[in-house]
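Asker: For the sequence shown, the working numbering assigns the number 18 to the initial residue and increments by one for each residue that follows.
Can you read through this structure? Questions will come right after.
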Amino acid sequence: MRDFEKSNEIYKILSEAIPEGIIVINKEQKIVSANKHASDLFGYEVGELVGKPLSILIPNSYRKAHSGHVSGFYRNHEKRRMAEGRQLFGLRKNDQTFPLEVGLNPFTVYGNTYTLALVIDITKRKKIEESQTMKTAALEAALNGIVITDAQREDNPVIYYNPTFEKITGYSGDEILNRNCRFLHADDKDQEGIKTIRDSIKNGEKCRVQIRNYKKDGTLFWNEVSINPIRDKAGKITHFVGIQNDITERKIAEQEIFHLAKIFNESLNEIYVFDADTLKFINVNYGASKMTGYTLEEFKTLSPLDLKPDFSESQFRKLIEPIVHDNSKKLQFETVHRRKDGTTYPVEVHIQSSINSDRNMMVATILDITDKKNYTKKLEQTVEKRTEQLKKALESEKELNELKTKFLSMVSHEFKTPLSGILTSATLIGKYTKEEQQDKRDKHLKTIMGAVYHLTNILDDFLSIERMEKGKESYQLSDFSLSKMINEVVYNANMLLKNGQHINYPQNIEDVTVYQDERIASLTLTNLLHNAIKYAPEDTEIDLRVELTDDMMVFHIKDNGIGIPEKDQKHIFDRYFRSENVLLTQGTGIGLNIVKAHLENLGGRIYFKSTENKGSTFTVEMPLKTTKLAQG
Ligand code: ADP
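Quick look at the structure:
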């Protein structure tokens, strides 16, 4: 051993200069030399190791295996790294173990075989390795997709990707490696986020963006990508690390929330959110602002009480009390809302509580029920109107029935006399067979004609009533000759005159054309003249006078008859009314009623003056649209 040391001064100098531990072992596994590094490494003083068995540097648990390896080593006698493929540990003087790497170099000096062992403490390297392994494992296990690209190669290709990246994108292996990440954009390249990524890679800055990416199968996914440049010691960018996060679900949820918020904001229905404790508004939507005229900012200083003039604070709190802590219930009531300008409108209010974190809020949805109210009102009005119409219809139905009954009794009564007159005259005409009895026949024929004319008038009256009842009466205005119409009326009336009665014909109507309903004018005069004849005794005069102005035609029919008793005068135009002094005279009580209705429909009127036993004067006014005096 000493020989070895003596003869190796040069070796010594060299071995101290080498930064690794050097230990020389003889065939007996004894240490013949150890440099300072080796001694330091194992915690011994310089020279302390010389002469010690190698085993003191080997942890107990490895010693047995080690001696086996040693014999193998000597058999092969070659230079190699010790324990290749295995983990080696050294034992320090203080019993600590540490990982090491040993290079074995056998050599022979003076016929003795030695082994020079180069010992390197790999604690640090191991630590780095472990940390590297851990980091790789972390990358592999990360829930984010991770890619590392090589910034120094052209087009920044991917050199690493983790399993999550494969999972998110659906691509794998060669489809990812050595390619630029842009394959994820598919054709959707025009995106703000992609531009940001491009710029930050160009400028060597980090960035975080949300972009639309596409999986291998074409499915869209929202990718939240953050790009981080990695620099070497000189500050040069060597790599980029891209971290991907599939945020599709979050994005969809965000979009849904955004949409819901949009619906809330844009809804034309009024929605209010207010604090259950302070009652102050927290939020309101567009509909609420639009309807009330307050801005959201103004609302934040208000409470529902500012909108609801019908409530005091205590009333309102009492009302919402039952639902404040129970959002399974809803409160519904109708009230009035007051706008900023002071006007009000009827509303239906739905309130519900909504608990957000620890804040208790109330959500009120308001429906403007102006239309509903109007509708209800209208409906009520319509119902009322219809009821009225029904009532009227029922009444007219009743009246019609009465009319029919009356008609039948009147027909039997009213028609009897003229019909028996017709029968008598007809019978008598049959008896006047001689030629010279023509005047007698004429007399009876006149009676028959008079009776038929009378019956026709009665029927006309009934038909008139029916038409008016059914609203089917129509009027026909036209130009007609006044004298012609009056002539016809007077001619027919003359046939009914009693002995000695005379109608004074108006003098001022020659060549006058008037614009009115000729049928009604004729019917009116006929009725009034017939009454005058009927209710005046023989040998009396009946005056028919006409007054004409530019816009009015007035008839006066004056008789010197029985007159109308004072007490009956107010009923004279009522249907079927007949005064007590005429009950022995034939009549229906319909004529004046019809005449009055027609005249009023045409914008005219009828009135009278009468004194019992002296006579009556009926006056009729009919408006004239145009009055023309015929030329020549
Ligand atoms: P009618 O003559 O068929 O009874 P009207 O309607 O023509 O029916 O007249 C209603 C009632 O008015 C008559 O029954 C009669 O009592 C009264 N009256 C109408 N005209 C006269 C008249 N010129 N003189 C007296 N009473 C009249």
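Here a beta-carbon is modelled for each residue, glycine too, at the ideal position from N, C-alpha and C.
Keep in mind that this is a model prediction, so the values were computed, not measured.
Pull up the distance between the alpha-carbon of residue 584 and that of residue 641, whole angstroms please.
Answerer: 34 Å
Asker: What runs of the beta strand (DSSP E), each 3 residues or longer, lie entirely inside the segment 201 to 233?
Answerer: 224 to 231
Asker: Give the DSSP bridge partners of residue 572, in chain order.
Answerer: 563, 637
Asker: Considering residue 149, what are the terminal residues of the alpha helix (DSSP H) in which it resides?
Answerer: 140 to 158
Asker: For residue 400, count the other beta carbons within 10 Å of its own beta carbon; 16 or more makes it buried, fewer makes it exposed. Which is it?
Answerer: exposed
Asker: Which stretch, first to last residue, makes up the alpha helix (DSSP H) that contains residue 320?
Answerer: From DSSP, residue 320 is part of no alpha helix (DSSP H); its letter is neither H nor E.
Asker: Between residue 156 and residue 179, which are expected to be in contact by the criterion C-beta below 8 Å, what is the C-beta distance as a whole number of angstroms?
Answerer: 5 Å
Asker: If you follow the alpha helix (DSSP H) that residue 455 is part of, which residue opens it and which one closes it?
Answerer: In the DSSP assignment, residue 455 falls within the alpha helix (DSSP H) that extends over 455 to 486.
Asker: On the CB-based measure, 16 or more other CB atoms within 10 Å of its CB, does residue 149 come out buried or exposed?
Answerer: Exposed, because fewer than 16 other Cβ atoms sit within 10 Å of the Cβ of residue 149.
Asker: Helix, strand or coil for residue 175, going by three-state DSSP, please let me know.
Answerer: Residue 175: strand per DSSP, three-state reduction.
Asker: When burial is assigned at 16 or more other CB atoms within 10 Å of the CB, is residue 543 buried or exposed?
Answerer: buried
Asker: Which one or two residues does DSSP pair with residue 36 in a beta bridge?
Answerer: Residue 36 pairs with nothing; no bridge assigned.
Asker: With residue 284 as the anchor, note down where its beta strand (DSSP E) starts and where it stops.
Answerer: Where residue 284 is concerned, there is no enclosing beta strand (DSSP E), given that its DSSP letter is neither H nor E.
Asker: Please indicate yes or no: does the CB of residue 552 lie closer than 7 Å to some heavy atom of the ligand ADP?
Answerer: yes
Asker: Near residue 630, what residues of its chain come up, given a Cβ to Cβ distance below 8 Å and the 5 sequence neighbours on each side ignored?
Answerer: 579, 580
Asker: Under 7 Å from any heavy atom of the ligand ADP, does the C-beta of residue 607 make it?
Answerer: Of the heavy atoms belonging to the ligand ADP, at least one sits nearer than 7 Å to the Cβ of residue 607.
Asker: Is the separation between the beta-carbon of residue 226 and that of residue 236 shorter than 8 Å?
Answerer: no
Asker: Within 10 Å of its beta-carbon, does residue 613 have 16 or more other beta-carbons around it, so buried, or fewer, so exposed?
Answerer: buried
Asker: Count the other CB atoms, across all protein chains shown, that sit within 10 Å of the CB of residue 533; report buried if there are 16 or more and exposed otherwise.
Answerer: buried
Asker: Assign residue 220 to buried or exposed, taking buried as 16 or more other Cβ atoms, counted over all protein chains shown, within 10 Å of its Cβ.
Answerer: exposed
Asker: Taking residue 131 as the reference, give the member of 51, 144, 186, 165 with the closest Cα.
Answerer: Minimum Cα-Cα distance from residue 131 among the listed residues 51, 144, 186, 165 corresponds to 51.
Asker: For the alpha helix (DSSP H) that residue 617 lies in, which residues bound it at each end?
Answerer: 608 to 618
Asker: Within 10 angstroms of its Cβ, does residue 488 collect 16 or more other Cβ (buried), or is it exposed?
Answerer: exposed
Asker: Give every residue of the same chain whose Cβ lies closer than 8 Å to the Cβ of residue 81, excluding the five residues on either side of it in the sequence, and list them in chain order.
Answerer: none
Asker: If you follow the beta strand (DSSP E) that residue 379 is part of, which residue opens it and which one closes it?
Answerer: Residues 376 to 385.
Asker: When the Cα atoms are used, what is the spatial distance from residue 163 to residue 241?
Answerer: 12 Å
Asker: At a threshold of 7 Å, does residue 509 count as lining the ligand ADP (C-beta to nearest heavy atom)?
Answerer: no
Asker: Do you know whose CA, among 415, 228, 49, 217, lies nearest residue 210's CA?
Answerer: 228
Asker: Entirely within the segment 304 to 376 and at least 3 residues each: give me those beta strand (DSSP E) ranges in chain order.
Answerer: List check, beta strand (DSSP E) in window: 348 to 355, 361 to 373.
Asker: Which residues share a DSSP beta bridge with residue 163?
Answerer: 260
Asker: Nearest-angstrom Cα distance between residue 147 and residue 194?
Answerer: 25 Å
Asker: Mind checking whether residue 549 and residue 574 have CB atoms under 8 Å apart?
Answerer: yes
Asker: From what residue to what residue does the beta strand (DSSP E) around residue 626 run?
Answerer: 622 to 628
Asker: Are there any heavy atoms of the ligand ADP lying less than 7 Å away from the beta-carbon of residue 572, as far as the coordinates show?
Answerer: no
Asker: For the alpha helix (DSSP H) holding residue 438, just list the boundary residues, first then last.
Answerer: 433 to 448
Asker: Inspect the beta-carbon positions of residue 42 and residue 32 and report whether they are closer than 8 Å.
Answerer: no
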